[in-house]
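Just below is one structure, and these are the notes that go with it.
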Amino acid sequence: MVNDAPAGDRPPDCLACQILTGQMAVPGGTIAETPDWIADHCIGKHGLGAIVVKSRAHRENFWDLTPQEAATLGGFLKKITQAMQVALGAERIYINSWVDQPPYHVHFVLQPRYLDQDKAELGLQGLELQVYRSLQPKPKANEAGAIADKIRACLADMAASRSV
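Residue 1 is where the sequence shown starts when you use our numbering, and the numbers rise one by one after that.
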């Protein structure tokens, strides 16, 4: 699916729009999509397995969403977070919205939190975990791609069993 918003409606320096139009690649490619929303692995320092759900059309504020976009958001977030939990073994999935750097584009960062049996993240949660992850290197492209594949496969299994 392609972002069908007129080119003039997409700021040229909007990272989300650059990804949507294929000007920038994301490791692992598209994980899931609807006519209104798309999910792919985060390219920032939000941890391995962090998924971005963004509006297809360039929307700067939540109140700019169309009724259709607003109506389909909850179901899409539910489906993606459920697949993340199953595929990655996450204990929790944080759903964050930081739309505070121009040009603004409505998006959510879905971050898995694990039981942390190996203590790699020191058992941190919430804000402390966010700070810790921001100090770590960005996930490697091949690792992000493998995570995207796992979530895609889980979504396919869920659809086949009609559990979503």
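From the three backbone atoms N, C-alpha and C, an ideal C-beta is built for every residue, glycine too.
Between the C-alpha atoms of residue i and residue j, what's the straight-line distance to the nearest angstrom?
i           : j           : result
residue 109 : residue 55  : 12 Å
residue 61  : residue 140 : 31 Å
residue 7   : residue 73  : Reliability fails at residue 7, whose pLDDT of 43 lies under 50, so the model's placement of it is uncertain and no value is given.
residue 126 : residue 76  : 23 Å
residue 18  : residue 59  : 14 Å
residue 92  : residue 114 : 7 Å
Give me whichever residues DSSP pairs with residue i in a beta bridge.
i          : result
residue 41 : 51
Can residue i and residue j be called in contact, C-beta distance under 9 Å?
i           : j           : result
residue 148 : residue 43  : no
residue 53  : residue 107 : yes
residue 112 : residue 49  : yes
residue 123 : residue 41  : no
Tell me the residue span of the beta strand (DSSP E) that contains residue i.
i           : result
residue 82  : Element bounds for residue 82: not the beta strand (DSSP E) but the alpha helix (DSSP H), 67-88.
residue 131 : Note, residue 131: premise wrong, no beta strand (DSSP E); alpha helix (DSSP H) at 126-134.
Between which two residues does the alpha helix (DSSP H) carrying residue i extend?
i           : result
residue 142 : 141-160
residue 32  : Residue 32 -> not in any alpha helix (DSSP H); beta strand (DSSP E) instead, spanning 30-33.
residue 18  : 15-20
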